[in-house]
Amino acid sequence: GAGVSQSPSNKVTEKGKDVELRCDPISGHTALYWYRQSLGQGLEFLIYFQGNSAPDKSGLPSDRFSAERTGGSVSTLTIQRTQQEDSAVYLCASSLAPSALDYGYTFGSGTRLTVV
Amino acid sequence: LAKTTQPISMDSYEGQEVNITCSHNNIATNDYITWYQQFPSQGPRFIIQGYKTKVTNEVASLFIPADRKSSTLSLPRVSLSDTAVYYCLVGEDDKIIFGKGTRLHILP
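If you read the sequences in order, they're chains C and W.
Counted the way our numbering counts, the first sequence spans residues 1 to 116.
Counted the way our numbering counts, the second sequence spans residues 1001 to 1108.
Structural data, given as C-alpha cells:
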C-alpha cells in the first residue's frame, strides 16, 4: 500500500483480555518496527523484524507481549492478559533497508489501546 | 547507542526561524543524525538526516559541526502548522531510540 496501515485505530478492552494489533507495512519494506507511546511521552522501542525474524526482542516489556511477522509482510503484536499500564498508542514503522539510514522509518498512525 | 539531549519545549512566532539543538556527546563514527516530526495522534514523520556539515531539503536544514557532538535543526519561517514534537535520533543500528523530543509551539 501507499503507507503503513495499522488496525484497529482504537481498541478498548477489559483488563485481563488478550488483544491483537495488526501492522501492514509498505510493500517491499523488509524491516518492521513496533514502538509504544504513552500519553505525553516519547517512543519506547518494543521489537524489530528483518524479514520474518526478530533479531531484537529486548524491548518487549514482559512475557505477556509477543509479536510475529509472516510472509515478510504483515505483523501482529499480541498482548495477553492486558493490564491498565498497557494503555498506550502502539506505533508500527517500516523501512526499506535493514537500517533506517538514508530512508528513515515510515510510521503508521498507530493503535490507541485503552485497558479498562 | 548514543544518547541525545534536547530541550523539552520551545515557543516561537509565525514567520520566525526556529533552531532546535540536540546534544549527542558520545556519537559513534558510523552514526547518522536523523530528525523526526510528530503531530498529535500521528506517528512520527522523517524530516531530515545527515552525517556532517550541512544538509538542506525542502522542509528544513540540518547543521552538524565538525566534532559531531551536537546538531541543529533549522526550520525557516515557521507557521502554526509546524507546532509539533521534534525528535533527534542518533544511530546506525537497526533499533533507533527515540527520546522525549522537543515540543515546539508556534504562536500567532
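All residues carry an ideal CB built from backbone N, CA and C; glycine is no exception.
Problem set entry | Per-residue contacts from residue 90(C) into chain W (C-beta, under 8 Å) | Ordered by position in chain W, no residue passes the 8 Å Cβ test against residue 90(C), which lies about 10 Å from the chain.
Exercise. Where do the N-terminal and C-terminal ends of the beta strand (DSSP E) with residue 104(C) fall, by residue?
Worked result: First-last for residue 104(C): undefined, no H or E at that position.
For this session: Ignore the nearest five residues each way along the sequence and tell me which others in residue 1083(W)'s own chain have a CB closer than 7 Å to its CB.
Result: 1104, 1105, 1106
Problem set entry | Nearest residue (CA-CA) to residue 1076(W), options 1069(W), 1020(W), 1026(W), 1040(W) | 1020(W)
Exercise. With respect to the beta strand (DSSP E) encompassing residue 78(C), which residues constitute its N-terminal and C-terminal limits?
Worked result: 75 to 79
Exercise. If we cut at 8 Å on Cβ distances, does residue 80(C) have a partner in chain W?
Worked result: no
Problem set entry | Per DSSP, the bridge partner or partners of residue 1062(W) | 1055(W), 1073(W)
For this session: Mind listing the chain C neighbours of residue 1015(W)? Cutoff is C-beta to C-beta under 8 Å, in chain order.
Result: None at all; the shortest Cβ gap to chain C is about 28 Å.
For this session: Output yes or no for whether 8 Å exceeds the beta carbon distance between residue 90(C) and residue 114(C).
Result: no
Problem set entry | Neighbouring residues, chain W, relative to residue 109(C) (Cβ below 8 Å) | 1041, 1042, 1043
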